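Protein chains: 2
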Amino acid sequence: MTLTNNSKRRKELVAIAARLFFEQGYERTTVRILAEAMGIKSGSLFHHFTDKQAILCAVIESGMQSAMQIAHEALEGVQDPQDKLLALTKAHLSTLLTDRNAHVVALYEWRSLTPESLHHLVGLRDEYESLWRSVIQECIQADVLHGEESVVRHFALGALNWTVQWYDPQGQRTPDDLALALVNLLMDRTHFN
Amino acid sequence: MTLTNNSKRRKELVAIAARLFFEQGYERTTVRILAEAMGIKSGSLFHHFTDKQAILCAVIESGMQSAMQIAHEALEGVQDPQDKLLALTKAHLSTLLTDRNAHVVALYEWRSLTPESLHHLVGLRDEYESLWRSVIQECIQADVLHGEESVVRHFALGALNWTVQWYDPQGQRTPDDLALALVNLLMDRTHFN
DNA sequence: GTCTATAAAGAGATAGAC
DNA sequence: GTCTATCTCTTTATAGAC
Chain A
1 MTLTNNSKRR KELVAIAARL FFEQGYERTT VRILAEAMGI KSGSLFHHFT DKQAILCAVI
61 ESGMQSAMQI AHEALEGVQD PQDKLLALTK AHLSTLLTDR NAHVVALYEW RSLTPESLHH
121 LVGLRDEYES LWRSVIQECI QADVLHGEES VVRHFALGAL NWTVQWYDPQ GQRTPDDLAL
181 ALVNLLMDRT HFN
Chain B
1 MTLTNNSKRR KELVAIAARL FFEQGYERTT VRILAEAMGI KSGSLFHHFT DKQAILCAVI
61 ESGMQSAMQI AHEALEGVQD PQDKLLALTK AHLSTLLTDR NAHVVALYEW RSLTPESLHH
121 LVGLRDEYES LWRSVIQECI QADVLHGEES VVRHFALGAL NWTVQWYDPQ GQRTPDDLAL
181 ALVNLLMDRT HFN
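Top line first, the protein sequences correspond to chains A and B.
Just so we're aligned, residue 1 is where the first sequence starts under full-length UniProt numbering, counting upward by one.
Just so we're aligned, residue 1 is where the second sequence starts under full-length UniProt numbering, counting upward by one.
Structure, rendered in structure tokens:
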């Protein structure tokens, strides 16, 4: 019951781990710190997860899945390519900056995964990137964006993923403001207000 | 002689540490691994550095200084705001992707610094960002870039800093190609070829 | 499912000889 | 400046009782 358990309790534990991995980084977060935050002793942790790395894997899986779900919801019913790009950008920043945990860990801590876990998760990552690929391709074909798709996509996602390094949730700008600013920067002249 | 030693030997050791921190991350690189790569025993390491974190500090300092120096050289004699932006972008990608070590560590491993080291290095970082601030401000005033300076700067640097996550040195694109692509993406329509 | 207790390994760092 | 030897502490993980 350890590997494929999606009980409410397990989700709580994964959420707590996500918060700590986000705040301190995976390597610096010990199993004792994790257990204490979960209200249990460190030995009990290994009843829920086979090892520490499995916790990271669960956090990253949860981060990718929530990013994917919110992105799909954001795109629902949207037709115009530029509107799609804005919606996708807002969705991405929303999971990154509002619920600043699992998605951030998914972006920054993949190096600590075992090859097996990486192999398991790489499909999710590719699925998410495919969403971006198709929307950016549409924008290029509609002539509102210019450049090679893969380069534009990597630059856009880089600009977004780096926001976690400088964004201040207490500041005056909302994630949606930032999304608008990026899309306006990438496209010729201002199209949105 | 440990703290303020810039001998050739010390620079070699810092360069080796930079490579390992870049490849495996700071936390996962043990002092034994460092020492082995340096051709000495782990005990000898502490003749050169007070502790492990001091090695990281030296690596980051070296990364910031080389980024700064190359940026200054790139800007020398350049007058046009767009040309300055392109030069600065090329310089940044050059230190990040060609000599893929100390500058990358400087960007990604600041969380493992002690408050004292951070305080020591934050001035260097601010100095480097000021270069970017002034060039982007010039571009906005010259009407070739649009938006708030700080937002544009963070997005541009984010897009650049994220390249280390996906750039393939064996691929067909050079760092200079990428720099051109980014500047063209940020500015209205294509200005450079 | 959680506890206590602890094994086993690895980490950073030190001391003193050469 | 490097070595050997080792200390001390922390880490992940396990075993068995409750």
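Backbone N, C-alpha and C fix where the C-beta goes; we use that ideal spot for every residue, glycine too.
It should be emphasised that the depicted structure is a prediction, and the values quoted were computed from it without experimental measurement.
Assuming Ala87(A) contacts Val78(A) under a Cβ cut-off of 8 Å, what Cβ separation, rounded to an integer in Å, is found between them?
Translated into the one-based positions of the first sequence, residue 87(A) becomes position 87. Translated into the one-based positions of the first sequence, residue 78(A) becomes position 78. The distance from the Cβ of Ala87(A) to that of Val78(A) is about 5 Å, consistent with a contact at the 8 Å cut-off.
Helix, strand or coil at Lys84(B) according to DSSP, with G and I counted as helix
Translated into the one-based positions of the second sequence, residue 84(B) becomes position 84. It is helical.
Extent of the continuous alpha helix (DSSP H) run through Arg153(A):
The count along the first sequence starts at 1 and reaches residue 153(A) at position 153. First-last of the alpha helix (DSSP H) with Arg153(A): 149 to 161.
Between Ala87(A) and chain B, is there a C-beta pair that is closer than 7 Å?
Taking the first sequence and counting its residues from 1, one reaches residue 87(A) at position 87. For Ala87(A), the answer is no, since every Cβ of chain B falls outside 7 Å of its Cβ.
Within its chain, find whatever has a CB closer than 8 Å to the CB of residue 218(B); leave out the 5 residues flanking it on each side and keep chain order.
Here chain B comprises residues numbered 1 to 193, so residue 218(B) is not present and cannot be evaluated.
Run down chain A in chain order and give the residues with a C-beta less than 9 Å from the C-beta of His48(B).
Here residue 48(B) corresponds to residue number 48 of the second sequence, with the count starting at 1. By Cβ distance, chain A contributes nothing, its closest Cβ being about 24 Å from His48(B), past 9 Å.
At the 7 Å Cβ level, is Gly63(B) part of the contact set with chain A, yes or no?
In the second sequence, counting from the first residue as 1, residue 63(B) sits at position 63. Output row for Gly63(B): interface = no.
To the nearest angstrom, report how far apart Pro175(A) and Pro169(A) are at their CA atoms.
As a working mapping, residue 175(A) is identified with position 175 in the first sequence. As a working mapping, residue 169(A) is identified with position 169 in the first sequence. Inter-residue distance for Pro175(A) and Pro169(A) is about 9 Å (C-alpha atoms, whole angstroms).
Suppose you measure from the CA of Gln172(B) to the CA of Gln137(A); what does that come to, to the nearest Å?
Here residue 172(B) refers to the residue found at position 172 of the second sequence. Here residue 137(A) refers to the residue found at position 137 of the first sequence. Spanning the two alpha carbons is a distance of roughly 21 Å.
In chain B, which residues lie with their C-beta within 8 Å of the C-beta of Glu27(A)?
In the first sequence, residue 27(A) corresponds to position 27, counting from 1. By Cβ distance, chain B contributes Gly25, Glu27, Arg28.
Indicate the three-state DSSP secondary structure (helix, strand or coil) for Lys11(B) in the structure shown.
Translated into positions along the second sequence, residue 11(B) becomes position 11. Helix at Lys11(B).
State the DSSP-derived secondary structure class of Gln172(A), mapped to helix, strand or coil.
Residue 172(A) sits at position 172 when you count from the first residue of the first sequence. Coil.
Does the region 88 to 108 of chain A come within contact of the region 4 to 18 of chain B, defined as at least 3 CB pairs closer than 8 Å?
Taking 8 Å as the limit for Cβ pairs, the verdict is that the region 4 to 18 of chain B does not touch the region 88 to 108 of chain A.
So which residues of chain B does Val14(A) contact, with C-beta pairs closer than 9 Å?
The residue you call residue 14(A) lines up with position 14 of the first sequence. Simply none; closest approach about 22 Å.
Residues from the region 146 to 164 of chain B in contact with chain A, defined by Cβ distance under 8 Å:
His146, Gly147, Glu148, Val151, Val152, His154, Phe155, Ala156, Leu157, Gly158, Ala159, Leu160, Asn161, Trp162, Thr163
Suppose contacts are defined by Cβ-Cβ distances below 7 Å. Is residue 230(A) in contact with Met187(A) by that definition?
Because chain A is modelled from 1 through 193, residue 230(A) falls outside the range shown and cannot be assessed.
Taking His146(B) as part of the alpha helix (DSSP H), name the residues at either end of that continuous run.
Numbered from 1 along the second sequence, position 146 holds the residue referred to as residue 146(B). For His146(B), there is no enclosing alpha helix (DSSP H), as DSSP gives it neither H nor E.
Does the beta-carbon of Ile60(B) have 16 or more other beta-carbons within 10 angstroms, so that it is buried, or is it exposed?
Within the second sequence, numbered from 1, the residue matching residue 60(B) stands at position 60. Buried is the call here.
From Gln53(B) to Ala156(A), what distance separates their C-alpha atoms?
Stepping through the second sequence from its first residue, residue 53(B) is reached at position 53. Stepping through the first sequence from its first residue, residue 156(A) is reached at position 156. Gln53(B) and Ala156(A): Cα-Cα distance of roughly 33 Å.
Based on Cα-Cα distance, which residue from Pro81(A), His92(A), Glu23(A), Gly39(A) lies nearest to Gln141(A)?
Position 141 of the first sequence holds residue 141(A). It is Pro81(A).
Where does Met1(B) land, buried or exposed, given buried means 16+ other C-beta within 10 angstroms?
Residue mapping note: residue 1(B) aligns to position 1 of the second sequence, counting from 1. Summary for Met1(B): the model assigns pLDDT 42, below 50, so the residue's position carries little reliability; its value from the coordinates is reported in the next sentence. Exposed, since its Cβ has fewer than 16 Cβ neighbours within 10 Å.
Residues in the same chain with beta-carbon distance under 7 Å from Lys84(B), minus the five sequence neighbours each way, listed in chain order, please.
For this step, residue 84(B) is matched to residue 84 along the second sequence. The residues are Leu75, Val78, Val135, Glu138.
Can you pull the chain B residues whose beta carbon is under 9 Å from the beta carbon of Ala91(A), in chain order?
Your numbering for residue 91(A) matches position 91 in the first sequence. Close to Ala91(A), with beta-carbon spacing below 9 Å, lies no residue of chain B; the smallest spacing is near 17 Å.
Residues in the same chain with beta-carbon distance under 7 Å from Leu13(B), minus the five sequence neighbours each way, listed in chain order, please.
As a working mapping, residue 13(B) is identified with position 13 in the second sequence. Excluding its 5 nearest sequence neighbours in each direction, Leu13(B) has C-beta neighbours in its own chain below 7 Å: Met38, His48, listed in chain order.
Between Trp162(A) and Trp162(B), which are expected to be in contact by the criterion C-beta below 8 Å, what is the C-beta distance as a whole number of angstroms?
One-based indexing of the first sequence puts residue 162(A) at position 162. One-based indexing of the second sequence puts residue 162(B) at position 162. Their Cβ separation, rounded to whole angstroms, is 6 Å, which keeps Trp162(A) and Trp162(B) in contact under 8 Å.
I need the straight-line Cα distance from residue 194(A) to Trp132(A), nearest angstrom please.
Residue 194(A) lies beyond the stretch modelled for chain A, which goes from 1 to 193, so this question has no answer here.
Counting contacts by CB-CB distance shorter than 7 Å, is Trp110(B) in contact with chain A?
On the second sequence, residue 110(B) is found 110 positions in, with the first residue counted as 1. Not an interface residue.
Do Ala18(A) and Asn101(A) have their C-beta atoms closer together than 7 Å?
For this step, residue 18(A) is matched to residue 18 along the first sequence. For this step, residue 101(A) is matched to residue 101 along the first sequence. Taking 7 Å as the Cβ cut-off, Ala18(A) and Asn101(A) qualify as a contacting pair.
For Ser112(B) and Arg32(B), what's the separation of their Cα atoms in angstroms?
Locating residue 112(B) in the second sequence gives position 112, where the first residue counts as 1. Locating residue 32(B) in the second sequence gives position 32, where the first residue counts as 1. Going by the C-alpha atoms only, they are around 18 Å apart.
Closest residue to Trp166(B) among Glu73(A), Tyr108(A), Thr89(A), Ser62(A) (Cα-Cα distance):
Locating residue 166(B) in the second sequence gives position 166, where the first residue counts as 1. Ranking Glu73(A), Tyr108(A), Thr89(A), Ser62(A) by Cα distance to Trp166(B) puts Tyr108(A) first.
How is Gly63(B) classed by DSSP in three states: helix, strand or coil?
Position 63 of the second sequence, counted from the first residue, corresponds to residue 63(B). Reduced to three states, the DSSP call for Gly63(B) is helix.
Out of Gly43(B), Ile55(B), Ser44(B), state which residue places its alpha-carbon closest to the alpha-carbon of Leu20(B).
Residue mapping note: residue 20(B) aligns to position 20 of the second sequence, counting from 1. Comparing Cα-Cα distances from Leu20(B) to each of Gly43(B), Ile55(B), Ser44(B), the minimum goes to Ile55(B).
Interface positions of the region 114 to 145 of chain A facing chain B (Cβ-Cβ less than 7 Å), listed along the chain:
none
Val105(B) and Val164(B) closer than 7 Å at C-beta:
One-based indexing of the second sequence puts residue 105(B) at position 105. One-based indexing of the second sequence puts residue 164(B) at position 164. No, Cβ-Cβ distance for Val105(B) and Val164(B) is not below 7 Å.
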